[in-house]
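**Student:**
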Ligand code: ZN
């Protein structure tokens, strides 16, 4: 990116009311079959329009064709039985009903490649595409086959690499892996999580990113955040190894979180997507609030490596709220861009 402070979202945007129940996570589709396919494409075009209208520099599909950022990808794989469900504790904090791994996992066909081509046809702006990360995938499943978290993560990493290579060929500029589990299982991140991520990006020439957040603004997460104390230092555990990794960009939650900004010094040299929009509240940030967060990050991130972003996905927000927040992000980035250019 030649432009300073290129703006983007973490990934998801609210879905239109005719596609799925709004302001709800993981809501069911309102259509089925052919009409659903067409509706998803329409929603994708609309999500793109929303981003272009706000003036975002790096755009995405708004995750309009997924119900869930992990399970929608897994649904296309072989070796996972969605009828056989188990209740497990995920992210070490809340119970969820998840599908079961019953045999060797494989990817018989591409999952998001057609959607990516469809988006690519409609814009010349850089495109970012989100995939679940290997550790977060295994943490959203019950494994009755491998019975080893790292072995299963490695198999998923190989599958993600196949998908990523096809997304790159379809014209995706940045491939992002969502790894909220990186904020929970520090020892595993350092033992094999980052290695699995590097397996997932093997051979890619496009830019690669990892998104590590404190989750959507759901109750289980806000309750968890209350237990984390006055300073959230989780990133400190994994940043040294991430700094050494082959990942180009690290996407983080910053605004309204208790993450001490100086932790960003631990990933010096990496590009950083700085979360400057809180997705856990409907209050709209002012442009000046966004600018304030970005200025703080600039103390530890070089200006040419700072990418203003949202803290996490915007799926659960009302659409006008999401639009206003995107406008604030763009306006706040512009304030700081002008300051940088004025020297
Ligand atoms: Zn997130």
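Residue numbers (my numbering): 722 to 1064. Cβ coordinates follow ideal geometry from the N, Cα and C atoms, glycine included. All values reported here derive from a predicted model rather than from experimental measurement.
Based on Cα-Cα distance, which residue from 953, 855, 888 and 866 lies nearest to residue 874?
**Tutor:** Position 153 of the chain shown, counting from 1, holds the residue named residue 874. The shortest C-alpha separation from residue 874 is found at 855.
**Student:** By how many angstroms is the C-alpha of residue 825 removed from the C-alpha of residue 1003?
**Tutor:** On the chain shown, position 282 is the one that residue 1003 refers to. On the chain shown, position 104 is the one that residue 825 refers to. Cα to Cα, the separation comes out at about 43 Å.
**Student:** Check whether the Cβ atoms of residue 834 and residue 798 lie closer than 9 Å to each other.
**Tutor:** Walking along the chain shown from the start, residue 834 turns up at place 113. Walking along the chain shown from the start, residue 798 turns up at place 77. No, they are not a contact pair.
**Student:** If you scan the segment 770-838 from start to end, which runs of the beta strand (DSSP E) of 3 or more residues do you find wholly inside it?
**Tutor:** Here the runs fully enclosed are 799-811 and 815-827.
**Student:** DSSP three-state label for residue 1073, please.
**Tutor:** Not covered by the structure: residue 1073. The range shown for the chain is 722 to 1064.
**Student:** Report yes if the CB atom of residue 1068 is closer than 9 Å to the CB atom of residue 929, and no otherwise.
**Tutor:** Only positions 722 to 1064 of the chain appear in the structure, and residue 1068 is not among them; the question remains open.
**Student:** Any idea if residue 773 is buried or exposed, counting beta-carbon neighbours within 10 angstroms, 16 or more meaning buried?
**Tutor:** Within the chain shown, numbered from 1, the residue matching residue 773 stands at position 52. Exposed: under 16 other Cβ atoms inside 10 Å.
**Student:** Can you find a heavy atom of the ligand ZN that lies under 8 Å from the Cβ of residue 932?
**Tutor:** Within the chain shown, the letter at position 211 stands for residue 932. Indeed, a heavy atom of the ligand ZN lies less than 8 Å from the Cβ.
**Student:** Kindly indicate which residue of 979, 912 and 988 has the alpha-carbon position closest to the one of residue 1023.
**Tutor:** The residue you call residue 1023 lines up with position 302 of the chain shown. Checked all of 979, 912 and 988; the closest Cα to residue 1023 is 988.
**Student:** Give the DSSP-derived three-state secondary structure of residue 976 in the structure shown.
**Tutor:** Here residue 976 is taken as the residue at index 255 of the chain shown, counted from 1. Residue 976: coil per DSSP, three-state reduction.
**Student:** Inspect the CB distances between the segment 919-939 and the segment 896-904 and report whether three or more fall short of 8 Å.
**Tutor:** Enough Cβ pairs lie closer than 8 Å, so yes.
**Student:** Between the segment 837-850 and the segment 779-794, can you find at least three pairs of beta-carbon atoms closer than 8 Å?
**Tutor:** Contact holds: three or more Cβ-Cβ distances are below 8 Å.
**Student:** Measuring alpha carbon to alpha carbon, tell me which residue in 743, 723 and 965 is nearest residue 1038.
**Tutor:** Residue 1038 sits at position 317 when you count from the first residue of the chain shown. Answer by Cα proximity: 743.
**Student:** Quick check on residue 786: buried or exposed, where buried means 16 or more other Cβ atoms within 10 Å of its Cβ?
**Tutor:** Within the chain shown, numbered from 1, the residue matching residue 786 stands at position 65. With 16 or more other Cβ atoms within 10 Å, it is buried.
**Student:** Using 8 Å as the cut-off, can you tell me whether the segment 917-929 makes contact with the segment 882-896, which would need three or more C-beta pairs spanning the two stretches below that distance?
**Tutor:** The answer is yes - the segment 882-896 touches the segment 917-929, with three or more Cβ pairs under 8 Å.
**Student:** Taking one C-beta from the segment 971-981 and one from the segment 1037-1057 each time, how about it: are there three or more such pairs within less than 8 Å?
**Tutor:** Segments in contact, no.
**Student:** By Cβ distance, which residues of its chain are closer than 8 Å to residue 982, with the 5 residues on each side in sequence left out?
**Tutor:** Against the chain shown, residue 982 aligns to sequence position 261. The answer, listed in chain order, is 975, 1017, 1018, 1020 and 1021.
**Student:** Provide the residue span of the beta strand (DSSP E) that contains residue 994, from first to last.
**Tutor:** As a working mapping, residue 994 is identified with position 273 in the chain shown. Here the beta strand (DSSP E) through residue 994 covers 992-996.
**Student:** State yes or no: is the C-beta of residue 954 within less than 9 Å of the C-beta of residue 909?
**Tutor:** Here residue 954 corresponds to residue number 233 of the chain shown, with the count starting at 1. Here residue 909 corresponds to residue number 188 of the chain shown, with the count starting at 1. In this structure, residue 909 does not lie closer than 9 Å to residue 954 by Cβ.
**Student:** Would you say residue 1033 touches the ligand ZN, meaning its beta carbon is less than 8 Å from a heavy atom?
**Tutor:** Your numbering for residue 1033 matches position 312 in the chain shown. Answer for residue 1033: yes, Cβ within range of the ligand ZN.
**Student:** For residue 943, does the three-state DSSP call read helix, strand or coil?
**Tutor:** Working through the chain shown from its first residue, we reach residue 943 at position 222. Three-state result, residue 943: helix.
**Student:** Can you tell me where the beta strand (DSSP E) holding residue 929 begins and where it ends?
**Tutor:** Locating residue 929 in the chain shown gives position 208, counting from the first residue. Run containing residue 929: 928-933, per the beta strand (DSSP E) assignment.
**Student:** Cutting at 7 Å between CB atoms, please list the residues of its own chain near residue 769, excluding the five before and the five after it.
**Tutor:** Against the chain shown, residue 769 aligns to sequence position 48. If we look at residue 769 and ignore the five residues flanking it on each side, its Cβ neighbours are 780, 840, 843 and 844.
**Student:** Since residue 962 is in the beta strand (DSSP E), which residue starts that stretch and which ends it?
**Tutor:** Numbered from its first residue, the chain shown carries residue 962 at position 241. Note, residue 962: premise wrong, no beta strand (DSSP E); alpha helix (DSSP H) at 955-965.
**Student:** Can you tell me the Cβ-Cβ gap for residue 858 and residue 795, rounded? I've got them flagged as a contact below 8 Å.
**Tutor:** Stepping through the chain shown from its first residue, residue 858 is reached at position 137. Stepping through the chain shown from its first residue, residue 795 is reached at position 74. Indeed, because the Cβ distance is near 7 Å, the residues count as touching under 8 Å.
**Student:** Do residue 1051 and residue 775 have their C-beta atoms closer together than 9 Å?
**Tutor:** Translated into the one-based positions of the chain shown, residue 1051 becomes position 330. Translated into the one-based positions of the chain shown, residue 775 becomes position 54. Yes. Within cutoff.
**Student:** Consider the C-beta atom of residue 1009 and the heavy atoms of the ligand ZN; say whether any pair is separated by less than 8 Å.
**Tutor:** Counted from its first residue, the chain shown places residue 1009 at position 288. Flag unset: Cβ of residue 1009 not near the ligand ZN.
**Student:** Once you ignore the five residues that flank residue 959 on each side, which residues in its own chain have a CB closer than 7 Å to its CB?
**Tutor:** Counting from 1 along the chain shown, the entry for residue 959 is found at position 238. Excluding sequence neighbours, residue 959 sits near 903, 907, 910 and 911.
**Student:** Figure out for me which residue from 800, 1028, 1015 and 860 has the closest Cα to the Cα of residue 808.
**Tutor:** Walking along the chain shown from the start, residue 808 turns up at place 87. Closest option to residue 808, Cα to Cα, is 860.
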